[in-house]
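S.K.: The following block contains the structure, expressed as structure tokens.
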Amino acid sequence: MSLGYIWLGKRMIFKNISKPVYKIVALQFVIATGFSLLAWNLGGALKAWSAAYGGGIAVIGSLMYAMIAMGGTNDAKQAFRNQVKAELVKILITAALFICALVLFQSASWLWLILGFAVATLAYWFSLLAV
Numbered sequence: 002m003s004l005g006y007i008w009l010g011k012r013m014i015f016k017n018i019s020k021p022v023y024k025i026v027a028l029q030f031v032i033a034t035g036f037s038l039l040a041w042n043l044g045g046a047l048k049a050w051s052a053a054y055g056g057g058i059a060v061i062g063s064l065m066y067a068m069i070a071m072g073g074t075n076d077a078k079q080a081f082r083n084q085v086k087a088e089l090v091k092i093l094i095t096a097a098l099f100i101c102a103l104v105l106f107q108s109a110s111w112l113w114l115i116l117g118f119a120v121a122t123l124a125y126w127f128s129l130l131a132v
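Sequential numbering from 2 applies to the sequence shown in the numbering used here.
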């Protein structure tokens, strides 16, 4: 749990700042699920599974980022290191999952897989409105 603080008058109040990060991951999951259902209605089961896998890649990467980056610390240097480490892990996991899709899910509809990933990634923009 990461704690941030704000000044209220003459006293400092600690606030949990990791909660909004997990809300973004939850929003990504909801968007990815909704897009997969839309793909199912538009193109059938294969396109829906492809969109779900693409959305899952985005959600898993974001969840890993949140778990690493929100390791509670009050040290600015350590917080920065956590952010960098989290982003590197997210990129590596995302690449690994796309490679797994290439190898294991050869019948995938690649357009829908990429669209599922892109639409789930849009949650970062939607979260600016929601969080």
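Quick reminder that beta carbons are idealized off the backbone N, C-alpha and C, glycines included.
Any chance the CB of residue 75 is under 7 Å from a heavy atom of the ligand SAH?
M.R.: Annotation note on the ligand SAH: not contained in the displayed structure, which lists no ligands.
S.K.: Whose C-alpha, out of 34, 93, 40, is nearest the C-alpha of residue 66?
M.R.: 93
S.K.: Hey, residue 41 and residue 33 are a contact pair by Cβ (cut 8 Å); roughly how many whole angstroms apart?
M.R.: Not a contact, Cβ separation roughly 13 Å.
S.K.: Between residue 63 and the rest of its own chain, which residues show a CB-CB distance below 6 Å, the 5 nearest in sequence each way excluded?
M.R.: Answer for residue 63: 26, 29, listed in chain order.
S.K.: Which same chain residues end up closer than 8 Å to residue 84 when comparing Cβ atoms and leaving out the 5 residues on each side of it in sequence?
M.R.: 70
S.K.: Could you give the C-beta distance for residue 37 and residue 53, rounded to a whole number, given that I count them as a contact under 8 Å?
M.R.: Sure, about 4 Å apart at Cβ, within 8 Å.
S.K.: For residue 22, which residues from the same chain have a beta carbon less than 6 Å from its beta carbon, with the 5 sequence-adjacent residues on both sides left out?
M.R.: 67, 71
S.K.: Within this structure, are the beta carbons of residue 118 and residue 55 separated by less than 8 Å?
M.R.: yes
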